[in-house]
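**Q**
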DNA sequence: TATTTTCCCACTAATCAAGTAGGAATGTTA
DNA sequence: TAACATTCCTACTTGATTAGTGGGAAAATA
């Protein structure tokens with residue numbers, strides 16, 4: 158029951174863009190270097206974010222990417238669902254995947270509870286929250302110097 | 158982020174044993190038929206449960222399996238961890254798998270919250286709870302007849 | 001002894017994860 | 001305009017994992 162690199166990297170990319178959210182374009186190369194992820198692989202992941210309109214791209218020299226909206230408008234859940242697909246722990250909970258024994262399946266209740274718990278976490282953290290945490294951490298670091 | 162059939166089936170097997178917890182032996186063949194799972198595949202799954210001491214086996218004719226302890230002693234989490242392995246959503250949270258950037262990784266906090274939420278659900282449901290739900294359902298069914 | 005059952009091990013086919021690779025399209029800059 | 005930087009697009013690869021199948025030995029019972 159692991160989140161794949163695709164989803165994890167996507168969140169890190171979005172967070173990277175949020176942290177560098179100056180209006181300027183950020184190159185894949187720079188993100189890849191900062192996040193220590195293969196450029197080519199990142200390209201593919203960011204392509205998904207781009208098609209979904211989560212980021213805006215500018216082609217050509219001095220091009221790159223930036224967030225389409227405010228960091229506060231993106232939850233971790235949105236990003237994961239986009240890149241990972243459904244976050245349901247069993248496919249019975251996915252649209253059009255319901256199994257026949259649903260009515261008499263006690264375990265399904267457990268999976269539903271689990272699903273709710275998962276959503277409760279990932280839908281309640283935005284990129285802005287993560288940015289704030291980073292800044293807090295940096296602030297406390299400065300103090301200690 | 159799906160739970161595999163192995164984990165799901167294991168829970169269903171244990172619940173099946175709990176529902177038929179009369180002290181008598183239950184054959185793999187019967188569980189397989191009731192749960193609509195391949196006998197051979199079930200064998201492998203139940204072997205894991207057996208090695209871990211979750212079930213007791215009796216070989217030979219009229220043999221089979223039964224729960225080693227009370228249904229209330231088994232949480233869904235125990236069964237899933239045994240058959241699925243760690244339920245941590247990212248491997249950074251697993252023992253001995255910590256990555257180097259943990260200190261500066263804001264996303265790790267999200268994964269930790271997620272992990273807690275997952276454990277909070279699966280460690281708080283026992284087989285006895287599921288049995289009770291089934292009996293409630295059957296009770297209300299009887300009423301409606 | 002024949003039958004029933006668990007136990008054990010090897011194999012497989014399909015799918016997915018995690019990239020790699022190459023080059024076209026587009027825009028900037030010298 | 002030529003060189004360069006960057007996104008964009010598609011195909012390929014390698015290894016692991018999932019979800020089983022299959023055959024038969026070992027143990028117990030009838």
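Chains as they are written, first to last, in our numbering: chain A, 158 to 302; chain B, 158 to 302.
Think of the CB as a built atom: it goes at the ideal place given N, C-alpha and C, for glycine as much as any other residue.
Does the separation of the CB atoms of residue 190 of chain B and residue 199 of chain B fall below 7 Å?
**A** Not closer than 7 Å, so no.
**Q** Please report how far the alpha carbon of residue 207 of chain B lies from the alpha carbon of residue 215 of chain B, in whole angstroms.
**A** Answer to the nearest angstrom: the Cα atoms are 11 Å apart.
**Q** For residue 245 of chain B, collect the residues of the same chain with a Cβ closer than 7 Å to its Cβ; drop the 5 residues on either side in sequence, then sort them by chain order.
**A** These residues qualify, in order along the chain: 251, 272.
**Q** Taking 7 Å as the CB-CB cut-off, is residue 160 of chain A touching chain B?
**A** With 7 Å as the cut-off, residue 160 of chain A counts as an interface residue toward chain B.
**Q** Determine which residues of the region 228–250 of chain A have a Cβ less than 7 Å from any Cβ of chain B, and write them out in chain order.
**A** Going along the region 228–250 of chain A in chain order, one finds 233, 241, 244, 246, 247, 248 with a Cβ nearer than 7 Å to chain B.
**Q** Is it true that the region 224–234 of chain B meets the region 254–267 of chain B, where meeting means three or more beta-carbon pairs spaced less than 8 Å apart?
**A** As far as the Cβ criterion goes, the region 224–234 of chain B does not touch the region 254–267 of chain B, which means the pair count is below three.
**Q** Near residue 202 of chain B, which residues of its chain fall below 7 Å by C-beta distance, leaving aside the five closest residues on each side in sequence?
**A** Counting only Cβ-Cβ distances below 7 Å, and skipping sequence neighbours, we find 163, 166, 167, 170, 240.
**Q** Which partner residues of residue 287 of chain B appear in the DSSP bridge assignment?
**A** None; residue 287 of chain B has no bridge partner.
**Q** Find the residues of chain A that neighbour residue 199 of chain B, judging by a C-beta separation of less than 8 Å, and give them in chain order.
**A** Going along chain A, no residue has its Cβ under 8 Å from residue 199 of chain B, so there is no contact; the nearest lies around 16 Å.
**Q** Against chain A, with Cβ distances strictly below 7 Å, would residue 170 of chain B count as a contact?
**A** Output row for residue 170 of chain B: interface = no.
**Q** Decide if residue 221 of chain A is buried, meaning its Cβ has at least 16 other Cβ atoms within 10 Å, or exposed.
**A** Counting Cβ neighbours within 10 Å, residue 221 of chain A comes out buried, since at least 16 surround it.
**Q** What number of angstroms, rounded off, separates the C-alpha of residue 237 of chain A from the C-alpha of residue 278 of chain B?
**A** The straight-line gap from Cα to Cα measures roughly 21 Å.
**Q** Using the C-alpha atoms, what's the distance from residue 224 of chain A back to residue 224 of chain B?
**A** Going by the C-alpha atoms only, they are around 54 Å apart.
**Q** Just to confirm, is the Cβ distance from residue 172 of chain B to residue 287 of chain B under 7 Å?
**A** Yes, Cβ-Cβ distance for residue 172 of chain B and residue 287 of chain B is below 7 Å.
**Q** Ignore the nearest five residues each way along the sequence and tell me which others in residue 293 of chain A's own chain have a CB closer than 7 Å to its CB.
**A** Taken in chain order, the list of residues that qualify is empty.
**Q** List the residues that DSSP assigns as beta-bridge partners of residue 222 of chain A.
**A** Answer is A:183, A:214.
**Q** Considering only the alpha carbon of each residue, which of B:285, B:263, B:183 lies closest to residue 285 of chain A?
**A** Comparing Cα-Cα distances from residue 285 of chain A to each of B:285, B:263, B:183, the minimum goes to B:263.
**Q** Can you name the residues that DSSP bridges to residue 232 of chain B?
**A** Per DSSP, B:283.
**Q** Under 7 Å between beta-carbons, which chain A residues line up against residue 291 of chain B? List them in chain order, please.
**A** Within 7 Å Cβ-Cβ: 263.
**Q** Is there at least one Cβ from chain B nearer than 7 Å to residue 274 of chain A's Cβ?
**A** Judged by the 7 Å Cβ criterion, residue 274 of chain A is in contact with chain B.
**Q** Considering only the beta carbon of each residue, do residue 160 of chain A and residue 247 of chain B sit closer than 7 Å?
**A** Yes, the Cβ-Cβ distance between residue 160 of chain A and residue 247 of chain B is below 7 Å.
**Q** From what residue to what residue does the alpha helix (DSSP H) around residue 251 of chain B run?
**A** No alpha helix (DSSP H) holds residue 251 of chain B; DSSP gives it neither H nor E.
**Q** Alpha carbon to alpha carbon, how far is residue 283 of chain B from residue 234 of chain B? Give it in angstroms, no decimals.
**A** In a straight line, the C-alpha of residue 234 of chain B is about 9 Å away from that of residue 283 of chain B.
**Q** For residue 176 of chain A, which residues of its own chain have a beta-carbon under 8 Å away from its beta-carbon, when the five flanking residues on both sides are left out?
**A** Same-chain partners within the cutoff: 288, 291.
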